Amino acid sequence: MSFEETSADRNVEIWKIKKLIKSLEMARGNGTSMISLIIPPKDQISRVSKMLADEFGTASNIKSRVNRLSVLGAITSVQHRLKLYTKVPPNGLVIYCGTIVTEEGKEKKVNIDFEPFKPINTSLYLCDNKFHTEALTALLADDNKFGFIVMDGNGALFGTLQGNTREVLHKFTVDLPKKHGRGGQSALRFARLRMEKRHNYVRKVAEVATQLFISNDKPNIAGLILAGSADFKTELSQSDMFDPRLQTKIIKLVDVSYGGENGFNQAIELAAESLANVKFIQEKKLIGRYFDEISQDTGKYCFGVEDTLRALELGSVETLICWENLDIQRYVLKNHANATTNTVLHLTPEQEKDKTHFTDKETGVEMELIESQPLLEWLANNYKSFGATLEIITDKSQEGSQFVRGFGGIGEKKLIGRYFDEISQDTGKYCFGVEDTLRALELGSVETLICWENLDIQRYVLKNHANATTNTVLHLTPEQEKDKTHFTDKETGVEMELIESQPLLEWLANNYKSFGATLEIITDKSQEGSQFVRGFGGIGGILRYKVDFQSFQLDDLDNECFDLDEY
6 MSFEETSADR
16 NVEIWKIKKL
26 IKSLEMARGN
36 GTSMISLIIP
46 PKDQISRVSK
56 MLADEFGTAS
66 NIKSRVNRLS
76 VLGAITSVQH
86 RLKLYTKVPP
96 NGLVIYCGTI
106 VTEEGKEKKV
116 NIDFEPFKPI
126 NTSLYLCDNK
136 FHTEALTALL
146 ADDNKFGFIV
156 MDGNGALFGT
166 LQGNTREVLH
176 KFTVDLPKKH
186 GRGGQSALRF
196 ARLRMEKRHN
206 YVRKVAEVAT
216 QLFISNDKPN
226 IAGLILAGSA
236 DFKTELSQSD
246 MFDPRLQTKI
256 IKLVDVSYGG
266 ENGFNQAIEL
276 AAESLANVKF
286 IQEKKLIGRY
296 FDEISQDTGK
306 YCFGVEDTLR
316 ALELGSVETL
326 ICWENLDIQR
336 YVLKNHANAT
346 TNTVLHLTPE
356 QEKDKTHFTD
366 KETGVEMELI
376 ESQPLLEWLA
386 NNYKSFGATL
396 EIITDKSQEG
406 SQFVRGFGGI
416 GEKKLIGRYF
426 DEISQDTGKY
436 CFGVEDTLRA
446 LELGSVETLI
456 CWENLDIQRY
466 VLKNHANATT
476 NTVLHLTPEQ
486 EKDKTHFTDK
496 ETGVEMELIE
506 SQPLLEWLAN
516 NYKSFGATLE
526 IITDKSQEGS
536 QFVRGFGGIG
546 GILRYKVDFQ
556 SFQLDDLDNE
566 CFDLDEY
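Oh and the sequence shown: position 94 is 99 in the working numbering, straight run, nothing missing.
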């Protein structure tokens with residue numbers, strides 16, 4: 006894979022390999038019927054085909070009938086896969102075939118073949134009770150290519166470092182005038198000539214750097230180190246003649262005692278720590294740029310599954326940012342009541358437990374499952390068709406952690422800041438507390454429902470046999486739950502029957518869409534989030550229109566325990 010496909014594309018391929026390795030390492034089979042075959046670049050398909058034919062003959066002599074048939078079946082599968090290729094791909098070929106045993110104890114056939122994202126210089130054929138992934142793991146070693154420019158008064162050297170391989174791309178010498186002790190007018194003339202030669206030297210270095218480190222209008226290196234024994238490197242980094250595309254790639258300026266190849270080796274040693282942290286730095290810059298868009302309120306950002314996928318479909322996403330452990334599953338369901346379109350759902354593990362997601366709301370009939378896969382896997386396979394780049398991030402950096410937790414209060418500040426503005430301007434387009442918020446939700450007036458992630462209120466649905474027409478819905482804090490009178494009919498004193506009990510936030514997460522609202526779950530990490538939790542009980546909303554809560558007839562409600570009719 007060439008660098009022109011961008012480092013982001015390479016990171017996506019690395020993520021795919023990581024995921025594949027994880028699933029292959031977990032797989033186990035009976036006997037030795039799991040084949041791992043790796044063919045390096047420039048090897049011959051004909052040689053491998055002959056080797057497999059010989060192995061087939063050898064496997065025919067296995068005494069155990071079950072194991073013999075399994076091994077022969079696996080070799081046959083590999084042979085069929087191999088027939089799909091007329092020659093070994095440029096980066097080599099990896100094939101895994103065999104019968105594995107699932108967690109349920111059932112046998113399942115696995116047939117995988119692919120060209121790695123970079124050359125795999127390993128030749129392997131193994132029959133075992135597991136797949137061998139060591140060569141794939143070796144592919145994941147960080148192989149970013151870094152550029153080096155070493156400048157001193159005698160000349161410049163241009164090189165690259167990739168993994169443990171260093172390469173000198175180009176070098177040239179220069180004859181710069183030395184400082185001298187002449188006085189008078191000669192001093193000015195010599196100083197001018199010296200500055201002119203120096204300027205030309207820096208310009209030539211800048212031009213050669215562009216020729217070597219820019220391909221197809223993009224940098225072909227992940228980062229750039231400028232090294233030198235004088236201030237040439239600083240002058241180059243600040244020069245207008247230096248390509249701005251390379252200026253953004255500068256990782257570090259290092260002082261070295263030598264020029265040429267000795268200086269190159271010294272620069273590699275001095276920059277080692279910075280190079281090790283380059284992915285970390287790139288992640289910080291990427292998410293920092295995202296946070297800047299939010300804090301400046303440019304409108305050129307999106308967050309959350311729904312808004313992000315909508316923007317993706319519109320083709321408006323330039324850079325798609327996803328956490329490497331994003332735990333959301335994508336479902337494609339067929340609704341036989343409406344055969345014209347399929348239903349696509351994106352569910353968290355918690356939402357997957359609610360089986361109503363998989364039934365038609367009008368008929369109550371269960372929909373047919375067409376496809377199910379992790380959302381990140383689907384995005385990794387499809388992001389290019391939307392014209393976007395995909396950046397898969399970790400939560401190791403502070404910025405990455407903030408992004409995963411919900412912008413660490415940045416998006417949160419903006420949201421709650423807007424909520425506080427509605428209150429301070431007394432627009433009437435806001436609500437807070439369980440009672441008013443749920444009333445507004447029932448009216449369909451809530452645009453954005455805001456809830457604290459640790460909202461500790463339980464929702465109870467109770468059946469009152471003295472009044473069988475309606476159920477009673479209560480929303481109680483842990484303190485209120487201790488008072489058992491909440492669970493008895495006030496007129497008869499008879500205990501009501503518990504029909505359902507779940508955390509209010511869980512219920513809201515499953516039902517907010519039916520009220521036409523969006524749900525924002527916040528933390529109390531930011532000052533604004535903490536203020537919202539302490540001042541408004543951790544639940545409130547921004548309304549579409551002004552609501553006069555005083556006009557509601559609430560006399561029949563127990564205000565202390567938020568007793569509401571079920572919606």
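No residue lacks a Cβ here, since even glycine has one placed at the ideal position from N, Cα and C.
None of the values given here were measured: they were computed from a predicted structure.
{"Check": "Taking only the alpha-carbon atoms, compute the straight-line gap between serine 300 and phenylalanine 492 and give it to the nearest angstrom.", "Outcome": "47 Å"}
{"Check": "Identify whether tyrosine 517 lies in helix, strand or coil by the three-state DSSP scheme.", "Outcome": "helix"}
{"Check": "Using the rule of at least 16 other Cβ atoms within 10 Å of the residue's Cβ for burial, across every protein chain shown, is threonine 37 buried or exposed?", "Outcome": "buried"}
{"Check": "Spell out the partners DSSP gives valine 115 in its beta bridges.", "Outcome": "Gly103"}
{"Check": "Along the chain, where does the beta strand (DSSP E) containing methionine 56 start, and where does it finish?", "Outcome": "Unbroken run through methionine 56 is the alpha helix (DSSP H), 50 to 64; no beta strand (DSSP E)."}
{"Check": "Report the three-state DSSP secondary structure of glycine 413 (helix, strand or coil).", "Outcome": "At glycine 413 the pLDDT is 40, less than 50, meaning the model places this residue with poor confidence and gives no usable figure here."}
{"Check": "Pull up the distance between the alpha-carbon of proline 45 and that of aspartate 180, whole angstroms please.", "Outcome": "48 Å"}
{"Check": "Nearest to glutamate 371 by alpha carbon, out of Gln378, Leu381, Lys360 and Ser377?", "Outcome": "Lys360"}
{"Check": "Would you kindly report the start and end of the unbroken beta strand (DSSP E) that includes glutamine 378?", "Outcome": "373 to 379"}
{"Check": "Might you give, ordered along the chain, the residues of its own chain that have their beta carbon closer than 6 Å to the beta carbon of methionine 246, omitting 5 neighbours on each side?", "Outcome": "Arg208 and Ala211"}
{"Check": "In three-state DSSP terms, what is methionine 246?", "Outcome": "coil"}
{"Check": "Is glutamine 84 helix, strand or coil when you go by DSSP?", "Outcome": "helix"}
{"Check": "Are the CB atoms of valine 83 and isoleucine 100 within a distance shorter than 8 Å?", "Outcome": "yes"}
{"Check": "Is the separation between the beta-carbon of glutamate 525 and that of threonine 442 shorter than 8 Å?", "Outcome": "no"}
{"Check": "Only counting the same chain, and skipping five residues up and downstream in sequence, which positions put a Cβ closer than 7 Å to that of alanine 64?", "Outcome": "Arg73, Val76, Leu77 and Ile80"}
{"Check": "Using the C-alpha atoms, what's the distance from isoleucine 398 back to glutamate 288?", "Outcome": "7 Å"}
{"Check": "Between the Cα of threonine 475 and the Cα atoms of Met501, Thr490 and Ile455, which residue gives the shortest distance?", "Outcome": "Met501"}
{"Check": "Mark alanine 214 as exposed unless 16 or more other C-beta atoms lie within 10 angstroms of its C-beta, in which case mark it buried.", "Outcome": "buried"}
{"Check": "State yes or no: is the C-beta of serine 262 within less than 8 Å of the C-beta of glutamine 271?", "Outcome": "yes"}
{"Check": "Are the CB atoms of lysine 113 and threonine 107 within a distance shorter than 8 Å?", "Outcome": "yes"}
{"Check": "Measuring straight from C-alpha to C-alpha, what distance separates threonine 523 and cysteine 307?", "Outcome": "14 Å"}
{"Check": "Just the Cα atoms here: how many angstroms apart are glycine 293 and isoleucine 455?", "Outcome": "25 Å"}
{"Check": "Between which two residues does the alpha helix (DSSP H) carrying serine 279 extend?", "Outcome": "265 to 281"}
{"Check": "Leaving out five residues before and five after threonine 490 in sequence, what residues of the same chain have Cβ atoms less than 8 Å from its Cβ?", "Outcome": "none"}
{"Check": "Measuring CA to CA, which of Thr348, Arg171, Ala140 and Ile67 is closest to isoleucine 154?", "Outcome": "Arg171"}
{"Check": "Would you mind listing the alpha helix (DSSP H) stretches within the region 160 to 227 that are 4+ residues and don't spill past its ends, in chain order?", "Outcome": "189 to 218"}
{"Check": "Just the C-alpha distance for serine 535 and threonine 528, rounded to the nearest angstrom, thanks.", "Outcome": "8 Å"}
{"Check": "Please classify aspartate 221 as buried or exposed, where buried requires at least 16 neighbouring CB atoms within 10 angstroms.", "Outcome": "The displayed chain sequence assigns asparagine, not aspartate, to residue 221. Label assigned to asparagine 221: exposed."}
{"Check": "What's the call for asparagine 469, buried or exposed, on a 16-neighbour Cβ count within 10 Å?", "Outcome": "buried"}
{"Check": "Report the partner residues of lysine 257 according to the DSSP bridge assignment.", "Outcome": "Ile230"}
{"Check": "Checking the sheet assignment: what are the DSSP bridge partners for glycine 152?", "Outcome": "Thr165 and Leu229"}
{"Check": "CB leucine 29 to CB phenylalanine 136, shorter than 8 Å?", "Outcome": "yes"}
{"Check": "List the DSSP bridge partners of tyrosine 1.", "Outcome": "Residue 1 is absent from the model: the chain starts at 6 and stops at 572."}
{"Check": "Quick check: what's the CA-CA separation for isoleucine 544 versus glutamate 458?", "Outcome": "10 Å"}
{"Check": "May I ask which residues mark the beginning and end of the alpha helix (DSSP H) holding phenylalanine 136?", "Outcome": "Premise fails: phenylalanine 136 is in no alpha helix (DSSP H) and is neither H nor E."}
{"Check": "At the level of alpha carbons, what is the spacing between glutamate 311 and leucine 42?", "Outcome": "41 Å"}
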